[in-house]
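Peer 1: For the record, in the sequence shown the residue sitting at position 11 is 12 according to our numbering, with numbers rising by one throughout.
Beta carbons: idealized from backbone N, C-alpha and C, even for Gly.
Because the structure is a prediction, the values reported are computed rather than measured.
First the structure, then my questions, so here it is.
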Amino acid sequence: MEVSMKTILASTSEYRAKLLELAGFEFEVCAPHIDESMVTGKRLPPAEVVRSLAAQKAIAVWNHNDGEIILGADTIVVCDDEIFGHPKDRAQAKHMLETLSGNHHEVYTGVHICGDYIELSFSERTLVDMYELTEKEIENYLDLEEFWNRPGGYDIAKHGGLLVERINGDYSNLLGLPVGVLIRQLRACGFRI
Numbered sequence: 002m003e004v005s006m007k008t009i010l011a012s013t014s015e016y017r018a019k020l021l022e023l024a025g026f027e028f029e030v031c032a033p034h035i036d037e038s039m040v041t042g043k044r045l046p047p048a049e050v051v052r053s054l055a056a057q058k059a060i061a062v063w064n065h066n067d068g069e070i071i072l073g074a075d076t077i078v079v080c081d082d083e084i085f086g087h088p089k090d091r092a093q094a095k096h097m098l099e100t101l102s103g104n105h106h107e108v109y110t111g112v113h114i115c116g117d118y119i120e121l122s123f124s125e126r127t128l129v130d131m132y133e134l135t136e137k138e139i140e141n142y143l144d145l146e147e148f149w150n151r152p153g154g155y156d157i158a159k160h161g162g163l164l165v166e167r168i169n170g171d172y173s174n175l176l177g178l179p180v181g182v183l184i185r186q187l188r189a190c191g192f193r194i
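Right, dumping it as structure tokens:
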């Protein structure tokens, strides 16, 4: 699949970049610099949180790259009304895994696309059930240090996938970009993809 529009990914996520590459997008990466606490500290619905953060990322990059199509995305994990972003340290990752252990949780990704002729925002939700984990399993997983930069403190594409019993929804959403939904949204806006 070939995508002819020039895109800038407002994210440093290797998974987002890989998914765009697999989908045939030609893109550059530009790290956004935003204060995520402005949104995550508010009591907003999860879908609104990720759409807002994705928009902030895209707009921050667009302000310096006029004329391009900018794609921003943000992913969070929600369990029992608690929002988990990236853990700041091992202790926070452990708390996240203890909370997710044996529970059902939701992974939300917001996507915002902006440019001279387009502004599009959407979110996707994937449901995940995690196995009941022993203290030793949690500690062993944390020793792998896969929790860094991973919402919810686990990486489903690596050893963290062994912690997951089942998923219901878009797998690519768990990697930070629901690429199938993205392609369909862009087609609906008239882009040839």
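Pull up the CB-CB distance for Leu175 and Gly111, whole angstroms please, since I reckon it's below 8 Å.
Peer 2: That pair is no contact at about 14 Å.
Peer 1: Please go through the same chain and pick out, in chain order, the residues whose beta-carbon is closer than 8 Å to the beta-carbon of Glu107, but skip the five residues on each side of it.
Peer 2: Pro47, Val78, Val79, Cys80, Arg126, Thr127, Leu128 and Val129
Peer 1: How many Å lie between Glu27 and Arg185 at the Cα?
Peer 2: 17 Å
Peer 1: By Cβ distance below 7 Å, which residues in the same chain neighbour Val51 in space, the five residues on each side in sequence not counted?
Peer 2: Asp75, Thr76, Ile77, Tyr109, Thr110, Gly111 and Ser124
Peer 1: Would you be able to state if there are at least three C-beta pairs under 8 Å between the segment 56-72 and the segment 85-92?
Peer 2: Counting Cβ pairs under 8 Å, fewer than three are found: no touch.
Peer 1: Could you spell out where the beta strand (DSSP E) holding Tyr109 opens and where it closes?
Peer 2: His105 to Gly116
Peer 1: Nearest to Glu166 by alpha carbon, out of Leu20, Asn141, Tyr132 and Glu136?
Peer 2: Tyr132
Peer 1: Give me whichever residues DSSP pairs with Ser122 in a beta bridge.
Peer 2: His113, per the DSSP bridge assignment.
Peer 1: Can you tell me where the beta strand (DSSP E) with Leu163 in it begins and where it stops?
Peer 2: Looking at the DSSP string, Leu163 is not in any beta strand (DSSP E), and its letter there is neither H nor E.
Peer 1: Please tell me whether Asp90 has its Cβ less than 9 Å away from any Cβ of chain D.
Peer 2: Here chain D cannot be found, since the structure has a single protein chain.
Peer 1: Gly73 by DSSP, collapsed to three states: which one?
Peer 2: Three-state DSSP puts Gly73 in a strand.
Peer 1: Who are the near neighbours of Val30 in its chain, counting only those whose CB is closer than 8 Å to its CB and skipping five residues on each side?
Peer 2: Ile9, Leu10, Ser12, Thr13 and Ala18
Peer 1: Take Tyr16 and list the residues in its own chain whose beta-carbon comes closer than 6 Å to its own, dropping the five residues that flank it on each side.
Peer 2: Leu176 and Gly177
Peer 1: Helix, strand or coil for Leu143, going by three-state DSSP, please let me know.
Peer 2: helix
Peer 1: Beta-carbon within less than 7 Å of Glu3's beta-carbon, same chain only, minus the 5 sequence neighbours each way: which residues are those?
Peer 2: Its pLDDT being 45, under 50, Glu3 is placed unreliably in this model, and the value from its coordinates should be taken loosely. Excluding residues within five positions, the ones whose Cβ falls inside 7 Å are Gly25.
Peer 1: Below 8 Å on the Cβ atoms is my guess for Leu72 versus Val180; work out the distance and round it to an integer in Å.
Peer 2: Not confirmed; about 11 Å, so no contact.
Peer 1: Looking at Tyr142 and Leu164, is the spacing between their C-beta atoms short of 9 Å?
Peer 2: yes
Peer 1: Which term fits Gly162, buried or exposed, when burial requires 16 or more other beta carbons within 10 angstroms of its beta carbon?
Peer 2: exposed
Peer 1: Given that a residue counts as buried once 16 or more other Cβ atoms are within 10 Å of its Cβ, and exposed if not, what is Leu23?
Peer 2: exposed
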